[in-house]
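>
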DNA sequence: GTTGCTGAGTCTGTCAATCAGACCTAGCCT
DNA sequence: AGGCTAGGTCTGATTGACAGACTCAGCAAC
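Chains as they are written, first to last, in the UniProt record's numbering: chain D, 1 to 158; chain H, 1 to 158.
1. Contact check, residue 125 of chain H vs residue 135 of chain D under 8 Å by CB: the rounded distance?
2. Between residue 147 of chain D and chain H, is the shortest Cβ-Cβ distance under 8 Å, so that the two count as touching?
3. Short of 8 Å in beta carbon distance, which residues of its chain neighbour residue 87 of chain D, apart from the five on each side in sequence? Order them along the chain.
4. Is there a Cβ of chain H sitting closer than 8 Å to that of residue 107 of chain D, yes or no?
5. Give me the Cα-Cα distance between residue 82 of chain H and residue 24 of chain H, rounded to the nearest whole angstrom.
6. Just checking, does the stretch 100 to 108 of chain D make contact with the stretch 90 to 106 of chain H on the three C-beta pairs under 8 Å criterion?
7. When you compare only the Cα positions, how much space is there between residue 151 of chain D and residue 114 of chain H?
8. Identify the contact partners of residue 137 of chain H in chain D, using a Cβ-Cβ distance below 8 Å as the criterion.
9. Residue 119 of chain H bridges to which residues according to DSSP?
10. Beta-carbon of residue 165 of chain H versus every beta-carbon of chain D: anything under 8 Å?
11. Any residues in the stretch 63 to 94 of chain D with a beta carbon nearer than 7 Å to a beta carbon of chain H? Which ones, in chain order?
12. Which residues in chain D have a C-beta closer than 7 Å to the C-beta of residue 56 of chain H? List them in chain order.
13. Can you name the residues of chain H whose CB is closer than 9 Å to the CB of residue 132 of chain D?
14. Which stretch, first to last residue, makes up the alpha helix (DSSP H) that contains residue 64 of chain H?
15. Would a C-beta distance cut-off of 8 Å place residue 26 of chain D and residue 156 of chain D closer than the cut-off?
16. Contact criterion: CB-CB distance below 8 Å. Does residue 3 of chain H meet it with respect to chain D?
17. Which residue spans inside the UniProt domain "HTH hxlR-type" (13 to 112) of chain D form an unbroken alpha helix (DSSP H) run of at least 4?
18. Any C-beta of chain D sitting closer than 8 Å to the C-beta of residue 19 of chain H?
19. With contact counted as at least three CB pairs below 8 Å, one residue from each stretch, are the stretch 29 to 38 of chain H and the stretch 10 to 20 of chain D in contact?
20. Please report the straight-line C-alpha distance between residue 78 of chain D and residue 148 of chain H, rounded to a whole angstrom.
21. Report the neighbours of residue 6 of chain D on chain H: residues whose CB is nearer than 8 Å to its CB, in chain order.
22. What does residue 34 of chain H reach in chain D if we use C-beta pairs closer than 7 Å?
23. CB-CB under 6 Å to residue 11 of chain H, same chain, minus the five flanking residues each way: which ones, in chain order?
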């Protein structure tokens with residue numbers, strides 16, 4: 001049984017495009033830092049151990065792609081600097097980050113648990129991602145999800 | 001205001017660990033293929049354009065990490081081969097994939113839309129990820145999510 | 001049984017990215 | 001003037017991506 005997907009093109013696949021940004025080795029780690037409130041070059045570097053050059057490149061790429069923006073700031077008794085903050089586009093990565101965190105927590109955590117958790121600001125309860133269909137059905141079984149061609153699908157050229 | 005996160009260690013961070021697997025350039029693209037039902041080496045290679053060597057490496061890594069497994073099969077009039085299938089661990093990546101897809105669709109799609117969509121098997125309605133807290137509150141605003149240390153948190157050594 | 005085909009690779013060489021470590025720079029402070 | 005510091009550059013070694021040619025096992029047709 002030949003999978004139907006073979007006839008669809010992948011040239012305009014949004015997962016591939018997203019992974020051009022998110023798929024580099026350190027990108028999500030940098031974003032984790034920013035989501036955690038760590039916004040300055042050296043703080044990130046010391047915490048994560050990312051080589052300077054790579055961190056420079058990642059930050060520049062994320063700014064160029066519109067995920068982060070550079071914001072000037074000035075601490076008293078110190079010259080003006082800038083820090084990195086999330087744009088709208090960046091903030092919308094929360095579900096991605098929480099999804100990765102959830103998966104990592106389930107399969108890769110140390111016995112004592114994950115070092116990071118996310119909470120709902122209003123009630124303090126733990127936040128998780130879930131799949132839900134447009135009809136409002138909760139989806140708990142991975143096998144209940146079915147991929148299919150979307151509106152932008154193209155036939156494979158050859 | 002110095003972010004509190006600076007005092008926590010990141011050595012056992014599950015996001016970093018997950019990204020060691022998912023963060024390589026082609027991993028999620030390979031997984032997209034498998035989720036789409038494309039399970040054979042050459043089909044993946046032709047569709048995605050991933051160099052053979054890289055595809056070999058990715059598949060081997062994913063098998064070794066327990067995300068995929070090799071399954072032997074035999075087509076009539078052909079010698080035995082094997083294909084790649086998702087393990088439980090792999091199937092649990094659905095939320096990650098759907099989250100990345102959702103983000104990509106919003107910010108990186110062509111005007112005519114995304115080429116890929118996911119549906120609920122029972123009702124056919126579109127599936128999306130959402131954030132929800134343990135109290136059952138739906139979270140729509142990214143700013144309502146608050147990171148905090150988890151049970152496995154460690155202090156930074158130096 | 002030899003020849004050819006096919007899916008799933010390996011081998012080889014080139015080019016780009018990562019990494020570690022040293023060096024540089026602007027503005028503030030003394 | 002000299003020192004400190006955040007946020008970088010520069011340099012050279014190692015690793016990874018990539019393209020293209022080659023390999024190999026088993027089935028099938030001759």
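Backbone N, C-alpha and C fix where the C-beta goes; we use that ideal spot for every residue, glycine too.
Looking at the coordinates:
1. For the purposes of this step, residue 125 of chain H is identified with residue 125 of the second chain, where counting begins at 1. For the purposes of this step, residue 135 of chain D is identified with residue 135 of the first chain, where counting begins at 1. Indeed, because the Cβ distance is near 4 Å, the residues count as touching under 8 Å.
2. Residue numbering aside, residue 147 of chain D sits at position 147 when the first chain is read from its first letter. Yes, residue 147 of chain D lies at the interface with chain H (some Cβ there is under 8 Å from its Cβ).
3. Residue 87 of chain D sits at position 87 when you count from the first residue of the first chain. Excluding sequence neighbours, residue 87 of chain D sits near 66, 67, 68, 69.
4. For this step, residue 107 of chain D is matched to residue 107 along the first chain. By this cut-off, residue 107 of chain D is an interface position.
5. In the second chain, the residue the question calls residue 82 of chain H occupies position 82. In the second chain, the residue the question calls residue 24 of chain H occupies position 24. Cα-Cα distance, rounded: 24 Å.
6. yes
7. The residue given as residue 151 of chain D occupies position 151 in the first chain. The residue given as residue 114 of chain H occupies position 114 in the second chain. Computed Cα separation, rounded: 6 Å.
8. Residue mapping note: residue 137 of chain H aligns to position 137 of the second chain, counting from 1. Those are 120, 122, 123, 125, listed as they occur along chain D.
9. In the second chain, counting from the first residue as 1, residue 119 of chain H sits at position 119. Beta-bridge pairing links residue 119 of chain H to D:146, H:126.
10. With chain H covering 1 to 158 only, the question about residue 165 of chain H has no answer from this structure.
11. 89, 91, 92, 93, 94
12. The sequence position of residue 56 of chain H within the second chain is 56, counting from 1. Chain D residues near residue 56 of chain H: none, gap ~18 Å exceeds 7 Å.
13. Within the first chain, numbered from 1, the residue matching residue 132 of chain D stands at position 132. Going along chain H in sequence order, the residues near residue 132 of chain D (Cβ under 9 Å) are 120, 127, 128, 129, 130, 132.
14. Within the second chain, residue 64 of chain H is the residue found at index 64, counting from 1. Here the alpha helix (DSSP H) through residue 64 of chain H covers 52 to 64.
15. For the purposes of this step, residue 26 of chain D is taken as the residue at position 26 of the first chain. For the purposes of this step, residue 156 of chain D is taken as the residue at position 156 of the first chain. Contact flag unset, no.
16. Translated into positions along the second chain, residue 3 of chain H becomes position 3. True, the Cβ-Cβ gap to chain D drops below 8 Å.
17. 14 to 22, 27 to 35, 41 to 48, 52 to 64, 88 to 91, 94 to 108
18. Locating residue 19 of chain H in the second chain gives position 19, counting from the first residue. Closer than 8 Å: yes.
19. yes
20. For this step, residue 78 of chain D is matched to residue 78 along the first chain. For this step, residue 148 of chain H is matched to residue 148 along the second chain. Distance between the alpha carbons of residue 78 of chain D and residue 148 of chain H is about 29 Å.
21. Within the first chain, numbered from 1, the residue matching residue 6 of chain D stands at position 6. Per Cβ cutoff of 8 Å: 38, 43, 47.
22. Here the question's residue 34 of chain H lines up with position 34 in the second chain. Neighbours of residue 34 of chain H on chain D: none; closest Cβ ~10 Å, over 7 Å.
23. Against the second chain, residue 11 of chain H aligns to sequence position 11. Cβ neighbours of residue 11 of chain H beyond the five flanking positions: none.
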